[in-house]
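J.: Below you'll find the structure I mean.
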Amino acid sequence: MWTRIWSYRISYLFVAPFTLVFIAFIVVPVAMAVGLSFTYYNGIEPPRFIGWSNFQYLLSQDLLFLQYALPNTFKYAIIVGPGGYVAGFLLAWLISLLGKGLRKWVALAVYAPSLTAGTAMTIIWLPLLSGDRIGYLNSFLLNNGLIDVPKLWVTDPKLIMGSMIVVSLWASMGVGFLAMLAGIQNVDPQLYEAGRIDGVRSRLQELWYLTIPSMKPQMLFGCVMAIVTTLRAGNIGVELSGVNPTPQYAGNLIVNHIQDFGFIRYEMGYAAAISVFLLLLMYVSNRLSWRLFGTGENEA
Amino acid sequence: MNVLLRNSIRRFTLPRLLFVVVMLLFAVFMLLPIVFIVSHAFKPYDELFVYPPEFIVRRPTTQNFIELAQITSGSIIPISRYLFNSILISAATVLLTTIISAMCGYALAKQPFPGRKILFATIVLMLMFAPEVVQIPRYLVVSGLGLMNTYPGHILPLLALPVGVFLLKQFMEQIPNALLEAARIDGATEFGLFLKIAVPVCMPAVATVAILSFQNSWSNLETSSYFMQDDYMKTFPYFLSTLTSNLANNVARQGAAAVATLIVLAPNLIFFIILQRRVIDTMVHSGIK
Chain A
1 MWTRIWSYRI SYLFVAPFTL VFIAFIVVPV AMAVGLSFTY YNGIEPPRFI
51 GWSNFQYLLS QDLLFLQYAL PNTFKYAIIV GPGGYVAGFL LAWLISLLGK
101 GLRKWVALAV YAPSLTAGTA MTIIWLPLLS GDRIGYLNSF LLNNGLIDVP
151 KLWVTDPKLI MGSMIVVSLW ASMGVGFLAM LAGIQNVDPQ LYEAGRIDGV
201 RSRLQELWYL TIPSMKPQML FGCVMAIVTT LRAGNIGVEL SGVNPTPQYA
251 GNLIVNHIQD FGFIRYEMGY AAAISVFLLL LMYVSNRLSW RLFGTGENEA
Chain B
301 MNVLLRNSIR RFTLPRLLFV VVMLLFAVFM LLPIVFIVSH AFKPYDELFV
351 YPPEFIVRRP TTQNFIELAQ ITSGSIIPIS RYLFNSILIS AATVLLTTII
401 SAMCGYALAK QPFPGRKILF ATIVLMLMFA PEVVQIPRYL VVSGLGLMNT
451 YPGHILPLLA LPVGVFLLKQ FMEQIPNALL EAARIDGATE FGLFLKIAVP
501 VCMPAVATVA ILSFQNSWSN LETSSYFMQD DYMKTFPYFL STLTSNLANN
551 VARQGAAAVA TLIVLAPNLI FFIILQRRVI DTMVHSGIK
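The listed protein sequences derive, respectively, from chains A and B.
Residues 1 to 300 in the numbering used here are what the first sequence lists, from first letter to last.
Residues 301 to 589 in the numbering used here are what the second sequence lists, from first letter to last.
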């Protein structure tokens, strides 16, 4: 065993720099946060150990969590996660079909919402979704006789989730999109020529039989990042509706719940417990999707 | 031959023209936030408050830039100091992050050392932890290591970018082992293989990680606000944010705030464009075989 480790000493040199900063600034703080999830901690007094109580309360008595945050997150994630992933991949593919000169500009445009996040996003979408008659969407629908009364797109509890989903999809071309774009362009052009000789006729066949199989690692990366970014989303509802919490908690996601306890009520122990729960949720969805993709070999 | 064949397939046809036009229209729609930010910085005060907001400025003016310059000239610490801090920190962070992430990704992908699986699993797992509750523990670590008010306090916490390692590992997995084996027989060292084969072949991924890392460090306010107590150690975007924060219901300084937003965003855009060009250019020469 030790001789085997010694024979790979160069590998350890390769991973050492990253591993050191990774342990110091991520693993240790996360481990401390996980520890906090078993305590009552208000940020002022030292943490007091209370065992599983935080988790018991979260799963049995926290009505805001069980009635709103959890189901809302499911509803939101089930559409934005896969939707954003597929859209990201298709857009990356379409961009790769463009001429070389145009490609980086269109890539920049598609990535723009991720670069500007936050304020710029609300500035674009609020006039569009504004609840009065001058809101672009309302005035369009009214003028075409599709609705009689202006709809409160971002403040009506029934509609806010839909608005959040649309805006999130628009903003979902992040790092996963960049990776898949780079991955598509990395596919060897000779492969396509060989495919053409072997009878691949259309662009769609090319995509299905050649492109996707040769960029599995990037597809997997995009998938994991889609899960992570979707389940970590939180501010969007508050930014759109302009109130915190969102009307009747209709846009309340798990991350809002964490922020509520962490930064408003200063119950850091409980906030940590919710974070641990969220981590488990991501882990499970991750396992499920990796099984779905069936890459088997490089599992984590 | 290669290029000729591709070009003959991509010759200008009507459907192709239509496709390009649709993509461009879509791009314009997605680009709106940037158009808005750029345009907003040039608006005179009466246009800044129009509702619904207009995307394109009607009577462009540079008065907002002058306003921001006047506010900043009143600061005790010269603005060049903040700029120096920011440039130094971002440059160091991007450079070091790409190097250490690529090294780690390469070893994870191509060297079956004991402990590799558990390291990779931990990296992916840590990617998933919501950052909200890690702030206090991270503060304790930074102060425990004595990094308060130092440049490493800005740089080191940002070097740990698990998503970068994950991305690079995924790309480096695709390098054919035969290529590495051949170079090994020719007498290349592991480090030589990494530098001469792995990095050039995965340039698109390396460039992507650089983009992420730059985005992560340039506009980062966390290190300045929590880890730096001395004003002269803070960064330029942080300085701008202190000038223009809490303006929600305020008229004064809104013009300066619009310019500040543009100034913080612009380097991100430039960096993205330069590196994406690199991504696209490398594709033409190599490509993973």
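We treat Cβ as the ideally placed atom computed from N, Cα and C, and that holds for glycine.
How would you write the range of the alpha helix (DSSP H) that Asn256/A sits in, first residue to last?
T.: Segment 254–259, the alpha helix (DSSP H) holding Asn256/A.
J.: Looking at the ligand NAD, does it come within less than 8 Å of Met426/B, judged from the CB to the closest heavy atom?
T.: Ligands in the displayed structure: none, and consequently the ligand NAD is not present.
J.: Can you list the alpha helix (DSSP H) stretches of 4 or more residues lying completely in the region 149–196 of chain A, in chain order?
T.: As far as the region 149–196 of chain A is concerned, its whole alpha helix (DSSP H) runs of at least 4 residues are 160–170, 175–185.
J.: Please list, in chain order, the chain A residues whose beta carbon lies closer than 7 Å to that of Ala430/B.
T.: Residues of chain A passing the Cβ test: Arg232, Val255, Ile258, Ser275, Leu278.
J.: Note down, one range per segment and in chain order, each alpha helix (DSSP H) of at least 4 residues found wholly within the region 83–119 of chain A.
T.: For the region 83–119 of chain A, whole alpha helix (DSSP H) runs of length 4 or above, ordered along the chain, are 100–116.
J.: Does chain B have any CB closer than 9 Å to the CB of Val228/A?
T.: For Val228/A, the answer is yes, since a Cβ of chain B falls inside 9 Å of its Cβ.
J.: Candidates Leu324/B, Thr561/B, Val335/B, Thr397/B: which alpha carbon is nearest Ser513/B's?
T.: When each option's Cα is compared against that of Ser513/B, the closest is Thr397/B.
J.: Find out if the Cβ-Cβ distance for the pair Val424/B, Val149/A is shorter than 9 Å.
T.: Cβ distance not < 9 Å, so Val424/B and Val149/A don't count as in contact.
J.: Looking only at its chain, what residues have a beta carbon closer than 8 Å to the beta carbon of Val394/B, apart from the 5 residues adjacent to it on each side?
T.: The residues are Ala510, Ser513, Phe514, Ser517.
J.: According to DSSP, simplified to helix, strand and coil, what is Phe49/A?
T.: Here Phe49/A sits in strand by DSSP.
J.: On the criterion of 16 or more Cβ atoms from any shown chain inside 10 Å, does Phe342/B qualify as buried, or is it exposed?
T.: So Phe342/B ends up on the buried side.
J.: Answer with yes or no whether the minimum CB distance from Tyr538/B to chain A is below 9 Å.
T.: No, no contact with chain A.
J.: May I have a chain-ordered list of the alpha helix (DSSP H) segments no shorter than 4 residues that lie completely inside the region 488–551 of chain B?
T.: For the region 488–551 of chain B, whole alpha helix (DSSP H) runs of length 4 or above, ordered along the chain, are 490–493, 503–518, 536–544.
J.: Less than 8 Å between C-beta atoms, sequence neighbours within five positions excluded: which residues of the same chain meet that for Leu458/B?
T.: The residues are Thr393, Thr397, Ser513, Asn516, Ser517, Asn520, Thr523.
J.: Distance, Cα to Cα, Leu440/B vs Leu137/A?
T.: So the alpha carbons of these two residues sit roughly 49 Å apart.
J.: Here's the rule: buried if 16 or more other CB atoms are within 10 angstroms of the residue's CB, otherwise exposed. What is Pro213/A?
T.: Result: exposed.
J.: Are the CB atoms of Val357/B and Pro29/A within a distance shorter than 9 Å?
T.: Cβ atoms of Pro29/A and Val357/B: not closer than 9 Å.
J.: For the alpha helix (DSSP H) that Lys216/A lies in, which residues bound it at each end?
T.: Taken as a continuous stretch (DSSP letters only), the alpha helix (DSSP H) holding Lys216/A covers 216–232.
J.: With 9 Å set as the bound, which would you pick, yes or no: does the beta-carbon of Gln474/B sit closer than that to a beta-carbon of chain A?
T.: Chain A contact via Cβ: present.
J.: Please name the residues in the region 11–22 of chain A whose beta-carbon is closer than 8 Å to at least one beta-carbon of chain B, in chain order.
T.: Going along the region 11–22 of chain A in chain order, one finds Ser11, Tyr12, Phe14, Val15, Pro17, Phe18, Thr19, Val21, Phe22 with a Cβ nearer than 8 Å to chain B.
J.: Grab me the residues of Tyr209/A's own chain with a C-beta within less than 8 Å of its C-beta, minus the 5 sequence neighbours each way, in chain order.
T.: Cβ neighbours of Tyr209/A beyond the five flanking positions: Gly195, Val200.
J.: Output the distance between the C-alpha atoms of Lys75/A and Ile165/A, rounded to the nearest integer angstrom.
T.: One C-alpha to the other measures close to 9 Å.
J.: Here's the rule I'm using: 16 or more other beta-carbon atoms within 10 Å means buried, otherwise exposed. How should Trp52/A be labelled?
T.: Exposed.
J.: At 9 Å on the CB atoms, spell out the chain A contacts of Thr362/B, in chain order.
T.: Near Thr362/B there are no residues of chain A at all, since even the closest Cβ is about 21 Å away, more than 9 Å.
J.: So Met1/A is in the alpha helix (DSSP H); what residue range does that whole segment cover?
T.: That residue, Met1/A, is in no alpha helix (DSSP H); it is neither H nor E in DSSP.
J.: Roughly how many angstroms lie between the CA atoms of Ala402/B and Val350/B, to the nearest whole one?
T.: The straight-line gap from Cα to Cα measures roughly 48 Å.
J.: Using the DSSP secondary-structure output, state which residues sit across from Thr39/A in a beta bridge.
T.: Answer is Phe49/A, bridged to Thr39/A.
J.: Can you round the beta-carbon distance between Trp153/A and Ser168/A to whole angstroms, since I take them to be within the 8 Å contact cut?
T.: About 14 Å separates the two Cβ atoms, so there is no contact after all.
J.: According to a CB-to-CB cut-off of less than 7 Å, which residues of the region 191–223 of chain A neighbour chain B?
T.: Within the region 191–223 of chain A, the residues whose Cβ lies closer than 7 Å to some Cβ of chain B are Glu193, Pro217, Gln218, Leu220, Phe221, listed in chain order.
J.: Please list the partners that Ala391/B has in chain A, where partner means a Cβ-to-Cβ separation under 8 Å.
T.: By Cβ distance, chain A contributes nothing, its closest Cβ being about 17 Å from Ala391/B, past 8 Å.
J.: Is there at least one Cβ from chain A nearer than 9 Å to Val499/B's Cβ?
T.: For Val499/B, the answer is no, since every Cβ of chain A falls outside 9 Å of its Cβ.
J.: Using Cβ-Cβ distances below 8 Å, what residues of the region 97–111 of chain A are close to chain B?
T.: Listed by position along the chain: Leu97, Leu98, Gly99, Lys100, Leu102, Arg103, Lys104, Trp105, Val106, Ala107, Leu108, Ala109, Val110, Tyr111.
J.: Please tell me whether Leu425/B has its Cβ less than 9 Å away from any Cβ of chain A.
T.: Cβ-Cβ to chain A under 9 Å: yes for Leu425/B.
J.: Taking a cut of 8 Å between CB atoms, which residues from the region 34–45 of chain A lie near chain B?
T.: Within the region 34–45 of chain A, the residues whose Cβ lies closer than 8 Å to some Cβ of chain B are Leu36, Gly43, listed in chain order.
J.: For chain A, is any of its Cβ atoms less than 9 Å away from the one on Glu367/B?
T.: No, Glu367/B lies away from the interface with chain A (no Cβ there is under 9 Å from its Cβ).
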